[in-house]
Amino acid sequence: MTSQTTQRIRVSAQSFYQERYSQPQEGQYVHAYRIRIENNSALPIQLLSRSWEVIDATGFRRHVEGDGVVGQQPVIPPGESYEYNSWVQFETPIGAMEGSYVMFRERDGVENYFHVKVPRFLHIAPAILN
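Count the sequence shown with UniProt numbering and you get residues 1 to 130, in order.
This is how it looks when you write it as structure tokens:
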């Protein structure tokens, strides 16, 4: 699991190769991934949007962005965490993802929008490791 902390918000990412849904002979490598967001700050935060760079083994990059994650814009109270699962497909047996979330918090009536980094994490088909 790969982790990074930005402004007391810790983001951890882990990848799981999905052999059942992959077709390597056709250049389709499917990975599920789990993201855990821990709010170690003193205020509630809300995840508003995401921005991803999806990079395959050739260096080809896809940019993906959108509102929330998995259809939600969760509010995470202080000391609590939010976890979600999603998936990605690559045309190469190795790939990586990295990005950021736009978060919102309010303190003393002042609205604050800030970016939280999602660390680069790898997606590796197990056959590559042999």
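Positions of the beta carbon are idealized from the N, C-alpha and C atoms, including for glycine.
When secondary structure is reduced to three states using DSSP, proline 119 falls in the strand class. Here valine 11 is buried, its C-beta having at least 16 other C-beta atoms within 10 Å.
Secondary structure at glutamate 53: strand, using DSSP grouped into helix, strand and coil.
Secondary-structure assignment with DSSP links arginine 61 through a beta bridge to Ile55. For alanine 125, the secondary structure class from DSSP, reduced to helix, strand or coil, is coil.
In this structure glycine 95 is not in contact with isoleucine 45, their Cβ atoms being roughly 29 Å apart against a cut-off of 8 Å. For asparagine 85 and alanine 32, the gap between their C-alpha atoms comes out near 7 Å. The DSSP-derived three-state label of arginine 20 is helix.
Distance from the CA of arginine 105 to the CA of glycine 71, rounded to the nearest whole angstrom, comes to 20 Å. Of the candidates Val75, Leu47, Gln28, Thr58, Leu47 places its Cα closest to the Cα of histidine 115. By the CB criterion at 7 Å, glycine 109 and tryptophan 52 fall outside the cutoff. Taking all protein chains in view, the Cβ of asparagine 112 is surrounded by fewer than 16 other Cβ atoms within 10 Å, so the residue is classified as exposed. For glutamate 91, no beta strand (DSSP E) segment is defined, and its DSSP state is neither H nor E.
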